[in-house]
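Sequence positions in the sequence shown follow our numbering and run 26 to 338.
Note that beta-carbon positions come from the ideal geometry of N, C-alpha and C, so glycine has one too.
Computed from a prediction, not measured in an experiment: that's the story for all the values here.
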Amino acid sequence: MTVPPFVKNPALATIAAFLLLLALAHGLGFSHGATLITRTLAYALAAVSLSFLIGQCGLVSFGHAAPFGIGAYAVLIAGEAGVREVLVVLPLAAAAAALFSAVTGAIALRTRGVYFIMITLAFAQMAFYVAASLSAYGGDDGMAIAGRSTFFGIRFLKADTSLALLAIALVGLALFLFQRLAASRFGLMLRAARANESKVEALGLAPYRHRLIALALAGAVAGLAGALIANQVEYVSPALMGWHVSGELIVMVVLGGIGHPVGAVIGAVVVTLLDESLGHLTEHWRLGLGLVIILVALLRDADLKSLLRGGSR
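Printed below as a string of structure tokens:
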């Protein structure tokens, strides 16, 4: 029996799966379905970019919430300036997040192992406190955005279904992009440097430059995720840059399997479902998430070893 092409392609399979879920939610009259899918995919998009960094580069960033939050603030600040066109706002969010990742990455990449983890966390905390000091944009409390982004002046994203479709498209594009990068000479270079950096440098190659590009690219994708969450919640606060957000993104990556971008999407689905199901029962729902992580750690010892190996280089 011939396997449909989209089943073999992770990006197409993900798009098809979420389109089906969206159609089912609409058909069953589950009004919260589109909102839940958008929120899940926004975090999945950020987790996919982090999965690329960990899986291809061996870079365990504990500050990935910073470009995520910067993307959200780009939507807020642009909206306050009267700019809400989605074709402007999304590139702006991606560019701002990429710039932050490139500038901080130029310093962070001088370190290795736990030092890299800690310096990325430090930069994220700096971004957090800068955002909290922006009194014009709500300070600690955050601020509601002027309105969801428009498409050539049309309030296309006002409908939750339209925003969900945009989120599905962005996640599909990100998966396709990272899949192609992993299969390219660029991805081969990243994996070679992760395996043995000294040999790569002895060949006259520059893993530092490739890693910096990978950091900027992952930051840009995380910025797009932040722009999505800002439009979905219609509110932005420094909490989006908190260390706990970075921790949740790492959890999503680990749950889905190190080095598998589609796994990050699955991890995001698991975390979101636990939040939705247990969050209504108790404010300590993360205890349930912790038990799931322990179970995964027992069943997937190799994934955690891979994470630790990536952080030890």
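- For Ile179, the three-state secondary structure derived from DSSP is strand.
- Proximity to Ala207 across His57, Leu78 and Leu47 peaks at Leu78, based on C-alpha coordinates.
- In this structure, Arg236 places its C-beta atom within 8 Å of the C-beta atom of Cys82.
- Note: Ala169 is bridge-paired with Tyr260 in the DSSP secondary-structure output.
- Rounded to whole angstroms, Val108 and Lys183 show a C-alpha spacing of 16 Å.
- Per the coordinates, the alpha-carbon of Val294 lies some 29 Å from the alpha-carbon of Ala157.
- Thr63 sits away from Ala243, with the two beta carbons spaced by 8 Å or more.
- Pairing Gly167 with Tyr68 gives a Cβ-Cβ distance that is not under 8 Å.
- Nearest in C-alpha terms to Gly80, of all of Leu299, Gly292, Val296 and Gly282, is Gly282.
- The C-alpha of Phe125 is placed about 24 Å away from the C-alpha of Gly284.
- Beta-carbon to beta-carbon, Gly88 and Ser262 are separated by about 17 Å, too far to satisfy the 8 Å threshold.
- Ala189 and Gly58 have their C-alpha atoms roughly 9 Å apart.
- Secondary structure in the region 195-264: the alpha helix (DSSP H) runs of 4 residues or longer, each lying completely within the stretch, are 210-220, 222-227 and 232-258 in chain order.
- Taking C-beta atoms as the reference points, Ala103 and Ala245 fail to come closer than 8 Å.
- For the options Ala38, Pro92, Phe43 and Leu66, the alpha carbon positioned closest to that of Thr129 is the one of Pro92.
- Listed as beta-bridge partners of Glu110 by DSSP are Thr175.
- Cβ neighbours of Ser76 within its own chain (closer than 6 Å, five residues either side excluded): Val278, Pro286 and Ala289.
- Less than 8 Å separates the beta-carbon of Val111 from that of Ser174.
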